[in-house]
Amino acid sequence: SAWSMHTAIYLLTSGHRAHAAYPEFLQDGEYAVGFAWLEPGPARPSPKSHGNRLMRSALINARILLGSEFHAGLALVIDSGLISAIIAEDDPLIAGMDTHDCMGQTLLPGFIDIQVNGGGGVLFNDSTNVEGIRAIAAAHRKYGTTGFLPTLISDDIDVVAHALKAVDDAIHAGLPGILGVHIEGPHLSAERKGTHDENKFRTLNDADVELLTSLRNGKTLVTLAPERNSISHIRKLVNAGVIVSAGHTN
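Here our numbering is used: the first residue of the sequence shown is 7, the next is one more, and so on.
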């Protein structure tokens, strides 16, 4: 039977260079490990083509991670940029698809990281621009992270504004793997400050809410201390689609 999965990105481990049509895959000499669960079920219906590249393709001749074991003799079907099924390599459905030979390499899901403060010698707070995000993404990519939230720790409101714009610009430019932004602080408890600079701390106000709900592309995650902020301001964030997480809190 076919296998279905809603994860949109898989990556190929070290060895052969991935096909140019799939920039999500690691390049020659890079490596990664990962883990995911797949559930048996029907393949996802095929969307209609919009005149782009061939809508359905298959990755063959790979060791595919299913649950906790690797399996050979299977093909991973990609439909309109999404994984739609994992089927036998001799399944008639593969006929007519564009196939890519993985030459026995390992195929597994990429990691999703919702708190990435920096990487590759770059700290997001110090490089709130597209190039900074690009460098961070490249550093984490080689260890298997294919989707993440650039994360800003407590800082001044103008730095927060620059961070949000940088993420918007990065996603708009098509930088792979950028899922949104994580704003961790400055609306935290000084008693639980951790590595944060408590001189940056403040309670939410209307200007903060307007800024934190301004991202046009991707998702916004905000970590705050609920006891330090008003319920009305928190509710406004949630109602606007912001994911609010309690952290650095009593």
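Even for Gly, the Cβ is constructed at its ideal location relative to N, Cα and C.
In three-state DSSP terms, what is Phe130?
-> In the sequence shown, the residue the question calls residue 130 occupies position 124. DSSP places Phe130 in helix when its eight states are reduced to three.
Give the secondary structure of Gly138 by DSSP, where H, G and I count as helix, E and B as strand, and everything else as coil.
-> By one-based count along the sequence shown, residue 138 stands at place 132. If DSSP states are grouped into helix, strand and coil, Gly138 belongs with the helices.
Residues bridged to Thr152 [DSSP beta-bridge criterion] = On the sequence shown, position 146 is the one that residue 152 refers to. DSSP, once it has assigned bridges, lists no residue as partnering Thr152.
Contact belief for Glu204 with Thr229 at Cβ below 8 Å, rounded distance in angstroms | Against the sequence shown, residue 204 aligns to sequence position 198. Against the sequence shown, residue 229 aligns to sequence position 223. Between Thr229 and Glu204 the Cβ distance is about 15 Å, and since that is not below 8 Å, they are no contact.
So, helix, strand or coil for Arg208, using DSSP?
-> Position 202 of the sequence shown, counted from the first residue, corresponds to residue 208. Here Arg208 sits in coil by DSSP.
Per DSSP, which one or two residues make a beta bridge with Lys225?
-> Along the sequence shown, one-based indexing puts residue 225 at 219. DSSP output for Lys225 lists Gly186 as bridge partner(s).
N-terminal and C-terminal residue of the alpha helix (DSSP H) that Val166 is part of = Position 160 of the sequence shown holds residue 166. First-last of the alpha helix (DSSP H) with Val166: 163-178.
DSSP three-state assignment for Val248, whether helix, strand or coil = As a working mapping, residue 248 is identified with position 242 in the sequence shown. Looking at Val248 - three-state DSSP - the assignment turns out to be coil, as it is neither helix nor strand.
Tell me, to the nearest whole angstrom, how far the beta carbon of Ile261 is from that of Phe76; I am working on the premise that it is less than 8 Å.
-> Outside the shown range of the chain (7 to 256) lies residue 261, about which nothing can therefore be said.
Is DSSP giving Leu88 helix, strand or coil here?
-> Start at 1 with the first residue of the sequence shown, and residue 88 comes out as number 82. Strand at Leu88.
Would you check whether the ligand ZN has a heavy atom nearer than 6 Å to the C-beta of Asn211?
-> Ligands displayed in this structure: none; no statement on the ligand ZN is therefore possible.
Would you kindly work out how many angstroms separate the C-alpha atoms of Val136 and Gly183, rounded to a whole number?
-> The residue given as residue 136 occupies position 130 in the sequence shown. The residue given as residue 183 occupies position 177 in the sequence shown. Near 13 Å, if we compare the C-alpha coordinates of Gly183 and Val136.
Sequence-distant residues of its chain with Cβ nearer than 8 Å to Leu217 (five each side left out) | Position 211 of the sequence shown holds residue 217. So the qualifying residues of the chain are Ile163, Val166, Ala167, Leu170.
Just curious, the beta strand (DSSP E) that Pro115 is in, first and last residue?
-> On the sequence shown, residue 115 is found 109 positions in, with the first residue counted as 1. Segment 112-115, the beta strand (DSSP E) holding Pro115.
Near Gly87, what residues of its chain come up, given a Cβ to Cβ distance below 6 Å and the 5 sequence neighbours on each side ignored?
-> Working through the sequence shown from its first residue, we reach residue 87 at position 81. Excluding positions up to five away in sequence, the list is empty.
Please state whether DSSP places Tyr16 in a helix, a strand or coil.
-> The residue given as residue 16 occupies position 10 in the sequence shown. With a pLDDT of 39 at Tyr16, under the threshold of 50, the modelled position of that residue is not reliable, and the figure given next carries that caveat. Here Tyr16 sits in strand by DSSP.
With DSSP run on the structure shown, which of helix, strand or coil describes Leu99?
-> Looking up residue 99 in the sequence shown gives position 93. Three-state result, Leu99: helix.
For Asp203, does the three-state DSSP call read helix, strand or coil?
-> Walking along the sequence shown from the start, residue 203 turns up at place 197. Residue state, collapsed to three classes: coil.
For Ala3, which of helix, strand or coil comes out of DSSP?
-> A query on residue 3 cannot be resolved here, the shown segment of the chain reaching from 7 to 256 and no further.
Would you call the region 95-114 and the region 135-149 touching, i.e. three or more CB-CB distances under 8 Å?
-> no
If you run the structure through DSSP and keep just helix, strand and coil, what is Ser160?
-> The residue labelled residue 160 in the question sits at position 154 within the sequence shown. In the structure shown, Ser160 sits in coil (DSSP, three-state: anything other than H, G, I, E or B).
Sorted by chain position, which residues of the same chain lie with C-beta nearer than 6 Å to Ile118's C-beta, five sequence neighbours on each side aside?
-> Here residue 118 refers to the residue found at position 112 of the sequence shown. Around Ile118: Gly153.
Determine, using beta carbons only, whether Leu227 and Phe207 come nearer to each other than 7 Å.
-> The sequence position of residue 227 within the sequence shown is 221, counting from 1. The sequence position of residue 207 within the sequence shown is 201, counting from 1. Contact: no.
Would you mind sorting Ala68 into buried or exposed? The rule is 16 or more other CB atoms within 10 Å of its CB.
-> Looking up residue 68 in the sequence shown gives position 62. It is buried - the Cβ of Ala68 has at least 16 other Cβ atoms within 10 Å.
According to the Cβ coordinates, are Leu210 and His239 closer than 7 Å?
-> Working through the sequence shown from its first residue, we reach residue 210 at position 204. Working through the sequence shown from its first residue, we reach residue 239 at position 233. The answer is yes: Cβ separation under 7 Å.
Grab me the residues of Thr105's own chain with a C-beta within less than 8 Å of its C-beta, minus the 5 sequence neighbours each way, in chain order.
-> If you number the sequence shown from 1, residue 105 lands on position 99. Ser63, Ala64, Leu65, Ile66, Ala81, listed in sequence order.
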